[in-house]
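What follows is a set of notes on a single structure, which appears directly below.
In the numbering used here, the protein residues as written are 673 to 1249.
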């Protein structure tokens, strides 16, 4: 390889291998304790800011849905829970649009926002290990996303749904009891409602709660979960694979050719009505859903592809390898020499490519033995050498495939299932169908619309999944006991203190029993003495963070020959069989 690189004029020195273990942004801190305290404060402020923005996005969707149901749909008077009862198909479309908007906010806005904040938080912590930085970034993102998404529905389940006080009988137009609610005040201020108009903003969240009976609130909450189970998972697959694939097709069809000698063809394509109208749209869609904005920048939307066509310099051809002639199997050369009859050259495949010296210029691949001329587009090796250079560039322009983000989606879907499936069992059918589509689309997504990057350490996936399962057990136990004792209890207003104490006690007992059961299972399954030759596998299972190297991974270099960035992962010294 070094010989080939030296003959092609590229040099014979290889770049040092990328260190995937050490954090490239690590800098030794002058005062580590002060920096750690600053990082704690900054992480808390950034996390709360991200959480607040995400919750506001989702609450806005909920308020919009309430206004459509109870003001536009007149469901106070009609006793319905959907504007389709009054407006028919238009009301159904409005509810589906709200569900799609909520799914987009959960999958795109909230997810990307949490990821950006988590990346900056993990970077500010200045970890020495890149693995630890990626783990903190992944777990911070999923924690904020989980609290934001599930927190909104938990807020509704324990504030909108329960019968904290007995619902008084009021007229649908009477909003005097809503003046103390924050959403009612914000809505009237934004809509500039007249003080004498009692109906304006009567359909806000807590104003509607003060007028609806318990069974009406329960039916409405279960109807909301239908959008979370039926619409949200398919929108997620749509935004993660289908839309980027469509953007890739449009991007590939309308972009201008990079071949510098095809200027006339480019002008014809640019002059076509379809391409002229779709060029800006194709670039914008590709920039949003497909390409890496940090590589291209906003100039790509207005100016197009940033890389210019390659130019083969005559002085470098003596050092370069030419393609082999398809007739005599001898090396061809890239030349501008005139033909023997001084009549110009014509490509051997002129009937297909229509290439000659008139439209391609004097340069072409020429075989001195056969006298055959082939343009750079037709010769398979020549096309690979000239235009195949754009393969790595095109790959670098795509967004990176992030396995940890895919695992984050799996965790969020699992959390939604274990928390809301008992309330809407029918929603499991579309949810499972959407999960199958998601699993089948990940390989095409990797090969077609995402950049293939260096593989990450598998300990990131295993450790994060283990911690997620440990944290979700007490959360789910608190959630389901609360739904049973508080949210689904129509007599809550009679015995609030006793029911709340019973809820907290039962949730604590169930959480401790669940953790104890998981610990006993792990102890009984992995605590046995492993057979001879299987201690390495058992050790890696018990301690996912410590990898035991096999024979092929053992260090065979002396300490003097090791690279400074070399890290030796030794067996765990505390492991006992």
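Cβ atoms here follow ideal geometry from the backbone N, Cα and C, with glycine treated the same way.
Keep in mind that this is a model prediction, so the values were computed, not measured.
Item	Value
Measure the alpha-carbon distance for residue 712 versus residue 804 and round it to whole angstroms.	16 angstroms
For the beta strand (DSSP E) that contains residue 1006, what are its first and last residues?	1005 to 1007
Between the segment 1171 to 1190 and the segment 1145 to 1154, are three or more C-beta pairs nearer than 8 angstroms?	yes
Classify residue 1157: buried if its beta carbon has 16 or more other beta carbons within 10 angstroms, exposed otherwise.	buried
Measuring straight from C-alpha to C-alpha, what distance separates residue 1171 and residue 1145?	22 angstroms
Grouping DSSP H, G and I as helix and E and B as strand, with all else coil, what is residue 1018?	strand
CB-CB under 6 angstroms to residue 1027, same chain, minus the five flanking residues each way: which ones, in chain order?	1019, 1047
Tell me the rounded alpha-carbon separation between residue 736 and residue 770.	8 angstroms
Compare the C-alpha of residue 867 against each of 824, 848, 879, 961 and name the closest.	848
Over the uninterrupted alpha helix (DSSP H) stretch that includes residue 1036, give me the two end residues.	Counting along the chain, residue 1036 falls outside any alpha helix (DSSP H), though it belongs to the beta strand (DSSP E) covering 1036 to 1038.
From this set, 854, 776, 841, which residue's C-alpha is nearest residue 911's C-alpha?	776
Under the three-state reduction of DSSP, which class applies to residue 1088: helix, strand or coil?	helix
Among the candidates 863, 839, 882, 829, whose CA atom is the shortest distance from the CA of residue 852?	882
At which residues does the alpha helix (DSSP H) containing residue 1251 begin and terminate?	Here the chain has residues from 673 to 1249 only, and residue 1251 is not among them.
Between the beta-carbon of residue 1122 and the beta-carbon of residue 1071, is there less than 7 angstroms?	yes
Would residue 698 be called buried (16 or more neighbouring beta carbons within 10 Å of its own) or exposed?	exposed
With H, G and I counted as helix, E and B as strand and the rest as coil, what does DSSP make of residue 1045?	strand
When you compare the CB positions of residue 772 and residue 903, do they come within less than 7 angstroms of one another, or not?	yes
Does the separation of the CB atoms of residue 715 and residue 793 fall below 7 angstroms?	yes
Let's test the definition: count the other Cβ atoms within 10 Å of the Cβ of residue 753 and tell me whether it reaches 16, buried, or not, exposed.	buried
Please name the residue or residues paired with residue 655 in a DSSP beta bridge.	Nothing can be reported for residue 655: it is not among the residues displayed for the chain, which extend from 673 to 1249.
Which two residues bound the contiguous alpha helix (DSSP H) that contains residue 633?	Since the first residue of the chain shown is 673 and the last is 1249, residue 633 is not available in this structure.
Bridge partners for residue 970 per DSSP, in chain order?	Residue 970 pairs with nothing; no bridge assigned.
If you draw a straight line from the alpha carbon of residue 860 to that of residue 877, how long is it in whole angstroms?	13 angstroms
In terms of residue numbering, what span does the alpha helix (DSSP H) encompassing residue 784 cover?	783 to 796
Going by Cα to Cα distance, which pick from 1134, 816, 1110, 798 is closest to residue 784?	816
For residue 1034, which of 1011, 1139, 796 has the nearest alpha-carbon?	1011
Of all the options 1001, 909, 745, which has the alpha carbon lying nearest to the alpha carbon of residue 961?	909
DSSP has residue 1123 in a bridge; who is on the other side?	1072
Please tell me whether residue 782 and residue 829 are closer than 7 angstroms, where the distance is taken between their beta carbons.	no
What is the DSSP secondary structure of residue 1164, counted as helix, strand or coil?	coil
Let me make sure I understand the geometry here. Which of 1133, 1132, 1134, 1081 has the alpha-carbon closest to that of residue 1114?	1081
Taking residue 759 as part of the alpha helix (DSSP H), name the residues at either end of that continuous run.	756 to 759
Since I believe residue 789 is in contact with residue 722 (beta carbons under 8 angstroms), could you give me their beta-carbon distance rounded to a whole number of angstroms?	4 angstroms
Out of curiosity, what's the CA-to-CA distance linking residue 1211 and residue 1142?	Residue placement at residue 1211 is poorly supported in this model, since its pLDDT is 39, which falls under 50; the coordinates still yield a value, given next. So the alpha carbons of these two residues sit roughly 20 angstroms apart.
Looking at residue 923 and residue 958, is the spacing between their C-beta atoms short of 7 angstroms?	yes
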